[in-house]
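*Asks:*
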Amino acid sequence: MKYKSVSATARGGPEVLKIIEHYLRPPGAEEICIRVLATTVCQDDVACRIGNRPFLPDIPFTPGYAVIGDVEKIGGEVKGFATSDWVGALTNTGGYAEYIYLKPEQLVEVPFDLDPAEAVTLILNYLTAYQCLHRVAGVKQGDRILIIGASGGVGTAFLQLGKLAGIKMYGLASAKKQNFLTHLGAVPIDYKTQDFVKIIRSAEPDGLEYVYNGIDESYLERGLAVLKRGGSLIHYGGPLSKKGLLLLILKLVFYSAIPNGKTIKGYGTHRQDIGTFKQDWEILFSLLSEGKLKPIIAERFPILAAAEANRYFEEGNFSGNIVLVAPDADADPY
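Mapping to this note's numbering: the sequence shown position 116 is 660, numbers consecutive.
In structure tokens:
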């Protein structure tokens, strides 16, 4: 039996994404073969395909940073999982495929009552926002925050989780997305035409507790400018190159050394512990099951239409998440 994946066959635009056939092999002794139900399209998928990351997967590779899937077959030494279980994993690569092979320690059980397309947004985007809010910062009710890049997958996760936490939120987005941010409970600021430092300093003369930056290091100085003394800027965006990584590290060290009572903290999922991932995924799955979260999905594409989905993602004319789904998981139950 064969299955298909969508692989980047060269560095470049969406046109380098090609459908490749593979033989569906039995899983190894410590592997689980998973039928992919849903995977997200994220900025790291695009950056690795183009070549805008300091550490890149070798060509060819299959993008796909997070998956929700159905356990198809289990290796002989695997414990704790059964066929037909639903599982989720942070894969980094490999998600743009009909099947994927993973180790059991990578997996978290996923409730059957969830829409896979919504659940998969929790694996990366909502996990990032949740950990930045609650593990890195430890936000409290009444805190004030700024979200730089508030209309994307992680940005909208920040807005929904921030609203649940009872914090006041400011969000940067383009003019056409202002009503969208207002609906999610944030004070919108147009980053193209408005000076967000001036606006926030006027509205919050004492400064904000936290600033979340998922864009690039060009926002660091202005982000620090709107913090109160004792406030923190949490940077979670990936650098575009090894040179960019070095520059980011130097900037973080420089700004952290300035004696102004403000701190900069970095966050990346690759530096975190899988144990905390599983704890926080379970919390997020519960919030989704209870209807307290409703991930915003701008578009759903079939998994094998990943090139089209990537093209749509790079155009940027959407808010929320882009999700790839298996043919039998593409109907929105809501």
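Don't be surprised by glycine CBs; every beta carbon is placed ideally from N, CA and C. Source: prediction; values computed, not measured.
1) Quick one: what's His678 bridged to in DSSP?
2) For Leu600, which option in Asp588, Gly639 and Leu651 has the closest C-alpha, if you only look at C-alpha atoms?
3) Do you know offhand how far Tyr674's Cα is from Ile808's?
4) Roughly how many whole angstroms lie between the Cα atoms of Val867 and Val770?
5) Express the C-alpha separation of Tyr643 and Pro515 in angstroms, rounding to a whole number.
6) Is it buried or exposed for Val797, if we count other Cβ within 10 angstroms and need 16 for buried?
7) Nearest CA to the CA of Ala694: which residue from Leu677, Gly864 and Val580?
8) Is DSSP giving Phe845 helix, strand or coil here?
9) Using the three-state DSSP reduction, which class does Ile689 fall into: helix, strand or coil?
10) Taking the alpha carbon of Leu634 as the reference point, which residue from Glu621, Glu649, Val622 and Arg597 has its own alpha carbon closest?
11) How long is the line joining the alpha carbons of Val680 and Val664, rounded to whole angstroms?
12) Give the DSSP-derived three-state secondary structure of Leu666 in the structure shown.
13) Are the segment 831-848 and the segment 703-714 touching, with three or more C-beta to C-beta distances below 8 Å?
14) Alpha carbon to alpha carbon, what distance is there between Thr584 and Thr820?
15) Pop quiz: Gly729 and Leu703 are said to be a contact at Cβ under 8 Å. What is the actual Cβ separation, rounded to whole angstroms?
16) Could you say which of Arg688, Arg766 and Ser776 lies nearest to Ala747 if we only look at CA atoms?
17) Among Gly572, Ile847, Thr672 and Phe862, which residue has its Cα nearest to the Cα of Lys822?
18) Let me know the secondary structure DSSP gives Met642 once reduced to three states.
*Replies:* Concretely, from the data shown:
1) Here residue 678 corresponds to residue number 134 of the sequence shown, with the count starting at 1. Paired residue(s): none; His678 is not in a bridge.
2) By one-based count along the sequence shown, residue 600 stands at place 56. Considering only alpha carbons, the answer is Asp588.
3) Position 130 of the sequence shown, counted from the start, is the residue given in the question as residue 674. Position 264 of the sequence shown, counted from the start, is the residue given in the question as residue 808. Each residue's Cα considered, the two are about 18 Å apart.
4) Mapped onto the sequence shown, residue 867 falls at position 323. Mapped onto the sequence shown, residue 770 falls at position 226. The alpha-carbon atoms of Val867 and Val770 are separated by roughly 34 Å.
5) This structure cannot settle anything about residue 515, because the visible part of the chain is limited to 545 through 878.
6) Working through the sequence shown from its first residue, we reach residue 797 at position 253. Counting Cβ neighbours within 10 Å, Val797 comes out exposed, since fewer than 16 surround it.
7) As a working note, residue 694 is residue 150 in the sequence shown. Closest option to Ala694, Cα to Cα, is Gly864.
8) Residue numbering aside, residue 845 sits at position 301 when the sequence shown is read from its first letter. Note: Phe845 maps to strand in three-state DSSP.
9) Here residue 689 corresponds to residue number 145 of the sequence shown, with the count starting at 1. Reduced to three states, the DSSP call for Ile689 is strand.
10) The residue given as residue 634 occupies position 90 in the sequence shown. It is Glu649.
11) As a first step, residue 680 is located in the sequence shown; it is residue number 136 there, counting from the start. As a first step, residue 664 is located in the sequence shown; it is residue number 120 there, counting from the start. Their backbone Cα atoms lie some 22 Å apart in a straight line.
12) Position 122 of the sequence shown, counted from the first residue, corresponds to residue 666. Three-state DSSP puts Leu666 in a helix.
13) yes
14) Here the question's residue 820 lines up with position 276 in the sequence shown. Here the question's residue 584 lines up with position 40 in the sequence shown. Taking the straight line joining both Cα atoms gives about 21 Å.
15) For the purposes of this step, residue 729 is taken as residue 185 along the sequence shown, with counting starting at 1. For the purposes of this step, residue 703 is taken as residue 159 along the sequence shown, with counting starting at 1. About 6 Å separates the two Cβ atoms, so the contact holds.
16) By 1-based counting over the sequence shown, the position of residue 747 is 203. Cα-wise, what sits closest to Ala747 is Arg688.
17) Counted from its first residue, the sequence shown places residue 822 at position 278. The residue with the shortest Cα to Cα distance from Lys822 is Thr672.
18) What you label residue 642 is simply residue 98 of the sequence shown in a count that begins at 1. Correcting the residue type first, residue 642 is Glu in the shown sequence and not Met. Coil.
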